[in-house]
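Asker: First, the structure itself, so that you have it in front of you.
2 protein chains.
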Amino acid sequence: MSEATRILVVDDDPRIRTVVRRGLAYEGYRVVEAASGEEGLEKAREHLPALVVLDIMMPGIDGLEVTRRLRSAGDEVAILMLTARDEVKDRVVGLETGADDYLVKPFSFEELLARVHALLRRKAAPAGEVLRFADLELDVDAREAHRGGRTIELTTTEFNLLLLFMRHPRKVLTRDVIMEHVWAYDFEGESNVLEVYVRYLRGKIEADGESRLIHTVRGAGYVLKE
Amino acid sequence: MSEATRILVVDDDPRIRTVVRRGLAYEGYRVVEAASGEEGLEKAREHLPALVVLDIMMPGIDGLEVTRRLRSAGDEVAILMLTARDEVKDRVVGLETGADDYLVKPFSFEELLARVHALLRRKAAPAGEVLRFADLELDVDAREAHRGGRTIELTTTEFNLLLLFMRHPRKVLTRDVIMEHVWAYDFEGESNVLEVYVRYLRGKIEADGESRLIHTVRGAGYVLKE
DNA sequence: GGATCGTCTCAGCGCGTTCTAAGGTTCGTT
DNA sequence: AACGAACCTTAGAACGCGCTGAGACGATCC
Numbered sequence: 000m001s002e003a004t005r006i007l008v009v010d011d012d013p014r015i016r017t018v019v020r021r022g023l024a025y026e027g028y029r030v031v032e033a034a035s036g037e038e039g040l041e042k043a044r045e046h047l048p049a050l051v052v053l054d055i056m057m058p059g060i061d062g063l064e065v066t067r068r069l070r071s072a073g074d075e076v077a078i079l080m081l082t083a084r085d086e087v088k089d090r091v092v093g094l095e096t097g098a099d100d101y102l103v104k105p106f107s108f109e110e111l112l113a114r115v116h117a118l119l120r121r122k123a124a125p126a127g128e129v130l131r132f133a134d135l136e137l138d139v140d141a142r143e144a145h146r147g148g149r150t151i152e153l154t155t156t157e158f159n160l161l162l163l164f165m166r167h168p169r170k171v172l173t174r175d176v177i178m179e180h181v182w183a184y185d186f187e188g189e190s191n192v193l194e195v196y197v198r199y200l201r202g203k204i205e206a207d208g209e210s211r212l213i214h215t216v217r218g219a220g221y222v223l224k225e
Numbered sequence: 000m001s002e003a004t005r006i007l008v009v010d011d012d013p014r015i016r017t018v019v020r021r022g023l024a025y026e027g028y029r030v031v032e033a034a035s036g037e038e039g040l041e042k043a044r045e046h047l048p049a050l051v052v053l054d055i056m057m058p059g060i061d062g063l064e065v066t067r068r069l070r071s072a073g074d075e076v077a078i079l080m081l082t083a084r085d086e087v088k089d090r091v092v093g094l095e096t097g098a099d100d101y102l103v104k105p106f107s108f109e110e111l112l113a114r115v116h117a118l119l120r121r122k123a124a125p126a127g128e129v130l131r132f133a134d135l136e137l138d139v140d141a142r143e144a145h146r147g148g149r150t151i152e153l154t155t156t157e158f159n160l161l162l163l164f165m166r167h168p169r170k171v172l173t174r175d176v177i178m179e180h181v182w183a184y185d186f187e188g189e190s191n192v193l194e195v196y197v198r199y200l201r202g203k204i205e206a207d208g209e210s211r212l213i214h215t216v217r218g219a220g221y222v223l224k225e
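Listed in order, the protein sequences are those of chains Z and A. Using numbering that gives the first Met the number 0, the final residue of the first sequence is 225, and nothing's skipped along the way. Using numbering that gives the first Met the number 0, the final residue of the second sequence is 225, and nothing's skipped along the way.
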């Protein structure tokens, strides 16, 4: 993506959060923090991170429950679980619940970074990935789309935008979220680039009499749905 | 692959060896066992495995030393290290020594299998002698290409670049990826070597009225496709 | 020492991509 | 129905990416 990958760090221990935040920020990631499971779920919805570093042991909603809720909401975000105890059971339960990998505390930052890289490579850009929605396909490797038997070439911005939609189908994406992900704008600078690019995309993927896929939600943003 | 992938399991604990051997054999791998570091080095030389599952704690030559010797002998085999103690230092030293990944004992077989798969995917080095794409052939041994009945001589850099494309057809390779693979740059300074070499390649493999094979993807990189 | 080959730098330019801006259209609210 | 806000559409300006040709530099061979 044009902008730095977002990572959400959920841990009730502020020291862990700080270490992880600083290290990942130094590596060029955009880091969002949450001090509890509740806050984690909220921030995940708000920022659409590519990966969540999630402590398993937390008061209130613990890491396992956060994972369960994210997954049952259809969120496929990469989850790296931090387990305090070194017990097979914990790790297995974590993976069964829907986490993608785990790391046993205490860990060095280098270990965390290695797992983060591996996960992002595996999850965010798996080889041969083809995203599908309705009769629309997005070939991530080739950076091209397919619909109605034709191949659709996309520019970088068009691709990034469509990728965001395809990764969050049926979910209303607000203007702010889209702008942050595709254009890296922190600030609304009064621009209609987004509308222009939605039009470009529609022109390419909704040719002729094909059904509309990118719908406008007035006052909110856009959704990918039938 | 024409033959089953070979995996060498080095551990002084026969129970571990048995569990791992049975599981991996069930998955279709050819498993070779060794009960000590010395035997491990010997079997590695003899069988040229694609991956070594290596216990770190062994009497005599331990896992770290085995790794060191393999690496200093130029062996790039994938190494998955088994560490008994859950101490950061052990794991980090293991990775620094040249291991590719580690697993903390006790582990479930599923965990082991996941790591083995990931490692093989990452490290696998397909040594095809002649790569083909469309009407273009790349003879890896002779380091020359063929198209339209003629033989195309390539310089080292041209060959490496074309090899990368041929190994990832129809996949957009970003500038960074190409630079890392072909030039091993940390890309500090801006350079357009890549563009220059793409031009050289195009000049050689897309002579006259032949169709374009290396396509530019503006803002991203290049793709090999029809 | 000269010639050839391979690698890489540099600067100018063309053109695709991105974005702005202005006017038009639709929608929701009253 | 009327109004303003939100969104759509279009054209074209501005930007910068990638292409190109020339040549500097070092290595190798004669």
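Backbone N, C-alpha and C fix where the C-beta goes; we use that ideal spot for every residue, glycine too. The model shown is predicted, which means the values in this text are computed figures rather than measured ones.
#1: Please return the same chain residues whose Cβ sits closer than 6 angstroms to the Cβ of residue 145/A, not counting the five positions on each side in sequence.
#2: Helix or strand or just coil, what does DSSP make of residue 17/Z?
#3: Report the option in 167/Z, 60/Z, 172/Z whose CA atom is closest to the CA atom of residue 220/Z.
#4: Count Cβ pairs between the segment 193–204 of chain Z and the segment 14–21 of chain A that sit closer than 8 angstroms; are there 3 or more?
#5: Chain Z beta carbons: is any one of them nearer than 8 angstroms to that of residue 197/A?
#6: Can you name, in chain order, every residue of its own chain whose Cβ lies under 7 angstroms from the Cβ of residue 216/Z, other than the five neighbours on each side?
#7: Using a Cβ distance threshold of 8 angstroms, determine whether the segment 108–125 of chain Z contacts the segment 190–199 of chain Z, with at least three qualifying pairs required.
#8: Whole beta strand (DSSP E) runs in the segment 77–141 of chain Z with 3 or more residues, listed along the chain?
#9: Is it the case that the segment 75–83 of chain A contacts the segment 41–60 of chain A, given that we only count it when at least three CB pairs across the two stretches are under 8 angstroms?
#10: Closer than 7 angstroms, Cβ to any Cβ of chain A: which residues of the segment 128–141 of chain Z, in chain order?
#11: Short check: CB of residue 74/Z to CB of residue 62/Z, under 8 angstroms?
#12: Using a Cβ-Cβ cut-off of less than 9 angstroms, give me the residues of the segment 9–29 of chain A that come near chain Z, in sequence order.
#13: Return the residue from the list 46/Z, 35/Z, 66/Z, 225/Z that minimises the CA-CA distance to residue 176/Z.
#14: Strictly under 8 angstroms for the Cβ-Cβ distance: is residue 115/A near chain Z by that measure?
#15: Leaving aside the five residues before and after residue 10/Z along the sequence, list all residues of the same chain whose C-beta is less than 6 angstroms from its C-beta, in chain order.
#16: According to DSSP, simplified to helix, strand and coil, what is residue 55/Z?
#17: Give the interface partners of residue 155/Z over in chain A, defined as CB-CB distance under 9 angstroms, in chain order.
#18: Relative to the C-alpha of residue 100/A, which candidate in 110/Z, 95/Z, 133/Z, 194/Z has its C-alpha closest?
#19: What alpha helix (DSSP H) runs, 4 residues minimum, are completely inside the segment 164–202 of chain A?
#20: Quick check: the Cα distance between residue 88/Z and residue 70/Z, rounded to an integer number of angstroms?
#21: What's the C-alpha gap between residue 168/A and residue 212/A?
#22: Rounded to a whole number of angstroms, what is the C-alpha to C-alpha distance between residue 82/Z and residue 44/Z?
#23: Kindly list the residues whose CB is nearer than 8 angstroms to the CB of residue 64/Z, restricted to its own chain and excluding five residues on each side of it in sequence; keep chain order.
#24: What is the rounded straight-line gap between the Cα of residue 152/Z and the Cα of residue 143/Z?
#25: Write down the C-beta distance between residue 150/Z and residue 181/Z rounded to the nearest angstrom, noting that I regard them as a contact closer than 8 angstroms.
#26: Between the Cα of residue 38/A and those of 56/A, 27/A, 7/A, spot the shortest distance and give me the residue it belongs to.
#27: Taking the CB atoms as reference points, tell me whether residue 163/A and residue 178/A lie closer together than 8 angstroms.
#28: With DSSP collapsed to three states, give me the class of residue 212/A.
#29: Residue range of the beta strand (DSSP E) that residue 32/A falls in?
#30: Got a sec: which bits of the segment 159–170 of chain A sit with their beta carbon under 9 angstroms from any beta carbon on chain Z, in order along the chain?
#31: Does residue 154/A come out as helix, strand or coil in the three-state DSSP assignment?
#32: Leaving out five residues before and five after residue 225/A in sequence, what residues of the same chain have Cβ atoms less than 6 angstroms from its Cβ?
#33: So, at 8 angstroms on beta carbons, what are the nonlocal neighbours of residue 1/A in its own chain, with the 5 sequence-adjacent residues on each side left out?
#34: Give the range of the beta strand (DSSP E) segment to which residue 144/A is assigned.
#35: What residues in its chain sit with their C-beta under 8 angstroms from that of residue 112/Z, if we drop five residues either side in the sequence?
#36: Of the choices 189/A, 66/A, 166/A, 32/A, whose alpha-carbon is the least far from that of residue 96/A?
Answerer: On the basis of the data shown:
#1: The residue labelled residue 145/A in the question sits at position 146 within the second sequence. 136, listed in sequence order.
#2: Numbered from 1 along the first sequence, position 18 holds the residue referred to as residue 17/Z. It is helical.
#3: To locate residue 220/Z, count along the first sequence from 1; it is residue 221. Checked all of 167/Z, 60/Z, 172/Z; the closest Cα to residue 220/Z is 172/Z.
#4: no
#5: Taking the second sequence and counting its residues from 1, the one referred to as residue 197/A is at position 198. Nearest CB-CB separation between residue 197/A and chain Z: not below the 8 angstroms threshold.
#6: Numbered from 1 along the first sequence, position 217 holds the residue referred to as residue 216/Z. A distance below 7 angstroms between beta-carbons, with the five flanking residues on each side excluded, links residue 216/Z to the following residues of its chain, in chain order: 171, 222.
#7: Because the criterion of three Cβ pairs below 8 angstroms is not met, the segment 108–125 of chain Z and the segment 190–199 of chain Z do not touch.
#8: Annotation: the segment 77–141 of chain Z contains the following complete segments of the beta strand (DSSP E) (minimum length 3 residues), in chain order: 77–82, 100–103, 129–132, 135–138.
#9: yes
#10: 140, 141
#11: Along the first sequence, read from residue 1 onward, the residue named residue 74/Z stands at position 75. Along the first sequence, read from residue 1 onward, the residue named residue 62/Z stands at position 63. Taking 8 angstroms as the Cβ cut-off, residue 74/Z and residue 62/Z do not qualify as a contacting pair.
#12: none
#13: Indexing the first sequence from 1 puts residue 176/Z at position 177. The shortest Cα separation from residue 176/Z among 46/Z, 35/Z, 66/Z, 225/Z belongs to 46/Z.
#14: For the purposes of this step, residue 115/A is taken as the residue at position 116 of the second sequence. Not an interface residue.
#15: If you number the first sequence from 1, residue 10/Z lands on position 11. Result list for residue 10/Z: 16, 54, in chain order.
#16: For this step, residue 55/Z is matched to residue 56 along the first sequence. Coil at residue 55/Z, not helix or strand.
#17: If you number the first sequence from 1, residue 155/Z lands on position 156. Per Cβ cutoff of 9 angstroms: 216, 217, 218, 219.
#18: Residue numbering aside, residue 100/A sits at position 101 when the second sequence is read from its first letter. Answer by Cα proximity: 110/Z.
#19: 174–177
#20: The sequence position of residue 88/Z within the first sequence is 89, counting from 1. The sequence position of residue 70/Z within the first sequence is 71, counting from 1. So the alpha carbons of these two residues sit roughly 20 angstroms apart.
#21: Counted from its first residue, the second sequence places residue 168/A at position 169. Counted from its first residue, the second sequence places residue 212/A at position 213. About 10 angstroms.
#22: In the first sequence, residue 82/Z corresponds to position 83, counting from 1. In the first sequence, residue 44/Z corresponds to position 45, counting from 1. Taking the straight line joining both Cα atoms gives about 24 angstroms.
#23: The count along the first sequence starts at 1 and reaches residue 64/Z at position 65. Same-chain partners within the cutoff: 36.
#24: Here residue 152/Z corresponds to residue number 153 of the first sequence, with the count starting at 1. Here residue 143/Z corresponds to residue number 144 of the first sequence, with the count starting at 1. Taking the straight line from one Cα to the other gives about 5 angstroms.
#25: Position 151 of the first sequence holds residue 150/Z. Position 182 of the first sequence holds residue 181/Z. With 8 angstroms as the limit, residue 150/Z and residue 181/Z do not qualify as a contact, their Cβ atoms being about 22 angstroms apart.
#26: As a working note, residue 38/A is residue 39 in the second sequence. Cα-wise, what sits closest to residue 38/A is 7/A.
#27: In the second sequence, residue 163/A corresponds to position 164, counting from 1. In the second sequence, residue 178/A corresponds to position 179, counting from 1. Contact flag unset, no.
#28: In the second sequence, counting from the first residue as 1, residue 212/A sits at position 213. The answer is coil: DSSP assigns residue 212/A none of H, G, I, E or B.
#29: Your numbering for residue 32/A matches position 33 in the second sequence. Run containing residue 32/A: 29–33, per the beta strand (DSSP E) assignment.
#30: 167, 169, 170
#31: Looking up residue 154/A in the second sequence gives position 155. It is coil, neither helix nor strand.
#32: One-based indexing of the second sequence puts residue 225/A at position 226. So the list reads 133, once near-sequence residues are dropped.
#33: The residue labelled residue 1/A in the question sits at position 2 within the second sequence. Low confidence applies to residue 1/A: its pLDDT is 25, below 50, so where it sits in the model is not reliable enough to give any reading.
#34: What you label residue 144/A is simply residue 145 of the second sequence in a count that begins at 1. From DSSP, the beta strand (DSSP E) with residue 144/A extends over 143–146.
#35: Reading the first sequence from its first residue, position 113 is the one you call residue 112/Z. Closer than 8 angstroms at Cβ, skipping near neighbours: 22, 23, 26.
#36: Position 97 of the second sequence, counting from 1, holds the residue named residue 96/A. With distances taken between Cα atoms, residue 96/A lies closest to 66/A.
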